[in-house]
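Asks: In the UniProt record's numbering, the protein residues as written are 332 to 613.
Even glycine gets a Cβ: it sits at the ideal position worked out from N, Cα and C.
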Ligand code: C2E
Ligand code: MG
Ligand code: MG
Ligand code: MG
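1. Taking the alpha carbon of residue 450 as the reference point, which residue from 385, 519, 390, 591 has its own alpha carbon closest?
2. Would you report the Cα separation of residue 369 and residue 383, rounded to the nearest angstrom?
3. Just the Cα atoms here: how many angstroms apart are residue 593 and residue 530?
4. Within the present structure, is the beta-carbon of residue 514 separated from the nearest heavy atom of ligand 3 by less than 6 Å?
5. Indicate whether at least one CB of chain B lies closer than 7 Å to the CB of residue 384.
6. Does DSSP put residue 531 in a helix, a strand or coil?
7. Just to confirm, does residue 573 get its C-beta within under 6 Å of one of the non-hydrogen atoms of ligand 3?
8. Comparing alpha-carbon positions, which option in 365, 452, 557, 430 lies nearest residue 485?
9. Which partner residues of residue 377 appear in the DSSP bridge assignment?
10. Less than 7 Å separating the beta-carbons of residue 543 and residue 550?
11. Of the choices 459, 406, 470, whose alpha-carbon is the least far from that of residue 426?
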């Protein structure tokens, strides 16, 4: 039987639909309901200044608190949300919540310079014509300084349509919003484009940080990314730092910031507030 589409319509399973498609179909329905019921939460991972050892910001990372399955990590639902378009309303919620939290923390735990909040933006969200309005609305509603928001996009998102990306990025920059290239080194961005994009920060992918000091190739790649960023006037954050050794190595390479289990796992709002109250030095 054919599937009917549209609001309030009934979808009828084709008996030949395989188990995988069925699971995906059920998951899509669950995701939709999860949005309506508010089953998503944000966790926050500290971004640490490698020279000062202090918290310079957080990355907001979404989690789904499933009524039966418990906490579901984003890798299990982001791509489906992306394929189905649900990422747009979900991403709007993430932006609103992250900005609301950042605004509240900037007042409850003031810091000089102010701490930044990083938010991940998916491909479909980045291409959506309303993204800039969504971001500006979230900032206004949260009374958050646009200069303390960082949007993370990947190289592959940027390179899908480089000219449109450049325009979108210029618009964000005109509002003083920072831009980060996430998972840098795993995509295929052309270096000639890179210098034209108004990017503030390169985030070195965990896969290279893993091999730091152990595998000469990863070590060389991390050093190369840091010197590339330097010569383009960009800052560098290393993600997935798990050991003291990796941290020391990155400090020697004059990497600006680090993120990873060595400092802290992503934390619930309450745990993040405890940490902010302690103002730790690593
Ligand atoms: P990402 O943006 O590269 O985020 C970093 C991921 O690495 C997070 O996984 C974080 O928990 C994990 N991580 C951080 N430090 C360490 C470490 O030292 N060791 C290890 N093994 N892992 C570490 P998470 O939270 O599961 O998120 C996975 C990916 O899902 C993110 O990768 C991002 O691409 C996506 N994602 C998460 N939240 C959102 C969101 O709100 N919107 C969108 N569009 N994507 C999101
Ligand atoms: Mg990220
Ligand atoms: Mg990343
Ligand atoms: Mg990554």
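Replies: Taking the structure as given:
1. Taking the first residue of the chain shown as position 1, residue 450 is located at position 119. Ranking 385, 519, 390, 591 by Cα distance to residue 450 puts 390 first.
2. As a first step, residue 369 is located in the chain shown; it is residue number 38 there, counting from the start. As a first step, residue 383 is located in the chain shown; it is residue number 52 there, counting from the start. Residue 369 and residue 383: Cα-Cα distance of roughly 37 Å.
3. Translated into the one-based positions of the chain shown, residue 593 becomes position 262. Translated into the one-based positions of the chain shown, residue 530 becomes position 199. Going by the C-alpha atoms only, they are around 27 Å apart.
4. Position 183 of the chain shown, counting from 1, holds the residue named residue 514. It does: the Cβ of residue 514 is within 6 Å (strictly closer) of some heavy atom of ligand 3.
5. No chain B appears in this structure, which consists of one protein chain only.
6. Indexing the chain shown from 1 puts residue 531 at position 200. Three-state result, residue 531: coil.
7. Counting from one through the chain shown, the residue named residue 573 turns up at place 242. Checking every heavy atom of ligand 3 against the Cβ of residue 573, none is found closer than 6 Å.
8. By one-based count along the chain shown, residue 485 stands at place 154. The shortest C-alpha separation from residue 485 is found at 452.
9. Indexing the chain shown from 1 puts residue 377 at position 46. DSSP output for residue 377 lists 389 as bridge partner(s).
10. On the chain shown, residue 543 is found 212 positions in, with the first residue counted as 1. On the chain shown, residue 550 is found 219 positions in, with the first residue counted as 1. Their beta carbons are under 7 Å apart, which means residue 543 touches residue 550 by this criterion.
11. Here residue 426 refers to the residue found at position 95 when the chain shown is read from its first residue. It is 470.
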